[in-house]
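*Asks:*
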Amino acid sequence: MRTSTVRRAGTGAAVAALMTVVAACGGHGGGSGTQTEPATKAAGASHVAALQQVGKKTGTAQSARIEGTSTMGGTVSMKQTGTIGWADGLSGSLTVTYTGGTMAEALRQGGGDGSVRARYLKDEYYADMGEAFAKTVGGKRWVRYAYEDVAKLGGGAGDVLREQVRNSTPEQGVKALLAAGDVRKVGQEDVRGVSATRYSGTVDVAELTARDSALDDRQLAAFKEQLAAAGITTQTVDIWVDKDDLLVKKTERGESGIGAFDSTVFYSDYGTEVPVEKPPAADTVDFLDVLKRQPGIGPS
Numbered sequence: 401m402r403t404s405t406v407r408r409a410g411t412g413a414a415v416a417a418l419m420t421v422v423a424a425c426g427g428h429g430g431g432s433g434t435q436t437e438p439a440t441k442a443a444g445a446s447h448v449a450a451l452q453q454v455g456k457k458t459g460t461a462q463s464a465r466i467e468g469t470s471t472m473g474g475t476v477s478m479k480q481t482g483t484i485g486w487a488d489g490l491s492g493s494l495t496v497t498y499t500g501g502t503m504a505e506a507l508r509q510g511g512g513d514g515s516v517r518a519r520y521l522k523d524e525y526y527a528d529m530g531e532a533f534a535k536t537v538g539g540k541r542w543v544r545y546a547y548e549d550v551a552k553l554g555g556g557a558g559d560v561l562r563e564q565v566r567n568s569t570p571e572q573g574v575k576a577l578l579a580a581g582d583v584r585k586v587g588q589e590d591v592r593g594v595s596a597t598r599y600s601g602t603v604d605v606a607e608l609t610a611r612d613s614a615l616d617d618r619q620l621a622a623f624k625e626q627l628a629a630a631g632i633t634t635q636t637v638d639i640w641v642d643k644d645d646l647l648v649k650k651t652e653r654g655e656s657g658i659g660a661f662d663s664t665v666f667y668s669d670y671g672t673e674v675p676v677e678k679p680p681a682a683d684t685v686d687f688l689d690v691l692k693r694q695p696g697i698g699p700s
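Count the sequence shown with this note's numbering and you get residues 401 to 700, in order.
1) Report the three-state DSSP secondary structure of R598 (helix, strand or coil).
2) Candidates K575, A534 and P570: which alpha carbon is nearest F687's?
3) What whole-angstrom Cβ distance do D638 and R598 have, given they're in contact under 8 Å?
4) List the whole-angstrom C-beta distance separating G654 from T636, where the pair is believed to meet the contact cut-off of C-beta under 8 Å.
5) In the DSSP assignment, find the alpha helix (DSSP H) that holds E571 and state where it starts and stops.
6) Quick check on the DSSP output: what are the complete beta strand (DSSP E) runs of length 3 or more inside the stretch 634-676, in order along the chain?
7) Between which two residues does the beta strand (DSSP E) carrying V550 extend?
8) Starting from the N-terminal side, write out each stretch of the beta strand (DSSP E) that is 3 residues or longer and does not extend beyond the stretch 458-539.
9) Less than 7 Å between the CB of Q588 and some heavy atom of the ligand NAP, yes or no?
10) Could you check where the alpha helix (DSSP H) with V586 kicks off and where it finishes?
11) Check R618 in the structure and name its three-state DSSP category.
12) Assuming contact is defined by CB atoms lying nearer than 8 Å, are Y670 and S491 in contact in what I supplied?
13) State the DSSP-derived secondary structure class of D686, mapped to helix, strand or coil.
14) For G538, which residues of its own chain have a beta-carbon under 8 Å away from its beta-carbon, when the five flanking residues on both sides are left out?
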């Protein structure tokens, strides 16, 4: 009976890791006493032009080192460090440490230490669930999640994961502000010793219109689809941009399909190498195969 419980906990941890390892990296940035610049029409146009330049520079950088924290409802609180790239889809190598919520509890029950190594490729994601988990699945410690397979769970799970992963890139924060229509320049602030310009905006998915947005109809439709897939209904976005027009910090807070989220990510070392390769096949088990071992959990 105890073995069965541990196995279910290990599977639950794998499922939760799938949904939350690279969640919408945002949150609230806190106040510094700096006054927000009035949102006049001329100022707004100037901010949009500045953000478009930031988006261009960030897009061409193609990779960065990240360090962040996230909380999503009662499901998870976590820290994450590593490198990500976005030249062709998203790739990355991260270490995620779960510090609270049902995810951390599931890992503890499964014998884990609260940390998971994660590797991201264009169409799939791998999680190293540790030795305790490996003992329940024939000695294999890596779980492979193909996004298209995860979609078989129903409820848009594959889309949620894919969009949350996309949202970890710095350019996604710029896109959110351009879509918001009410972007404001807060002023200059210090971010880990770097002088940066802070911009802020609020996105309400139900009220996004091309008339107010700096995105064209096609871009706005795609952005709204991404938010809907991730279950995000509202979010407040703040970004901090250095003298080279690159993000050094991004924060978001808002509401998603699994509750309120609040998280922060720092960016550095743009253009860094992102060494990502698939774990050995002999040490990897497929996500759907893990679910098949759990009566009542696997896809129908």
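Glycine residues also receive a C-beta, built at the ideal position from the N, C-alpha and C atoms.
*Replies:* Answer, in terms of the structure:
1) Locating residue 598 in the sequence shown gives position 198, counting from the first residue. R598 falls in the strand class under three-state DSSP.
2) Within the sequence shown, the letter at position 287 stands for residue 687. Across the set K575, A534 and P570, the C-alpha of A534 shows the shortest separation from the C-alpha of F687.
3) Taking the sequence shown and counting its residues from 1, the one referred to as residue 638 is at position 238. Taking the sequence shown and counting its residues from 1, the one referred to as residue 598 is at position 198. Sure, about 6 Å apart at Cβ, within 8 Å.
4) Walking along the sequence shown from the start, residue 654 turns up at place 254. Walking along the sequence shown from the start, residue 636 turns up at place 236. Their Cβ separation, rounded to whole angstroms, is 6 Å, which keeps G654 and T636 in contact under 8 Å.
5) On the sequence shown, position 171 is the one that residue 571 refers to. Annotation: the continuous alpha helix (DSSP H) that includes E571 extends over P570 to A580.
6) For secondary structure counted as the beta strand (DSSP E) over 3 or more consecutive residues, the stretch 634-676 holds these complete runs in sequence order: 634-641, 647-656 and 659-668.
7) Sequence index remark: in the sequence shown, residue 550 carries index 150 (1-based). V550 -> not in any beta strand (DSSP E); alpha helix (DSSP H) instead, spanning Y547 to V550.
8) DSSP runs (the beta strand (DSSP E)) wholly in the stretch 458-539: 463-472, 476-485, 491-500, 515-520 and 524-528.
9) Within the structure as shown, the ligand NAP is missing, as the structure has no ligands at all.
10) The residue labelled residue 586 in the question sits at position 186 within the sequence shown. V586 -> not in any alpha helix (DSSP H); beta strand (DSSP E) instead, spanning R584 to V591.
11) By 1-based counting over the sequence shown, the position of residue 618 is 218. For R618, the three-state secondary structure derived from DSSP is helix.
12) In the sequence shown, residue 670 corresponds to position 270, counting from 1. In the sequence shown, residue 491 corresponds to position 91, counting from 1. Y670 places its beta carbon 8 Å or farther from that of S491.
13) The residue you call residue 686 lines up with position 286 of the sequence shown. In the structure shown, D686 sits in a strand (DSSP, three-state: E or B).
14) Locating residue 538 in the sequence shown gives position 138, counting from the first residue. Counting only Cβ-Cβ distances below 8 Å, and skipping sequence neighbours, we find V685.
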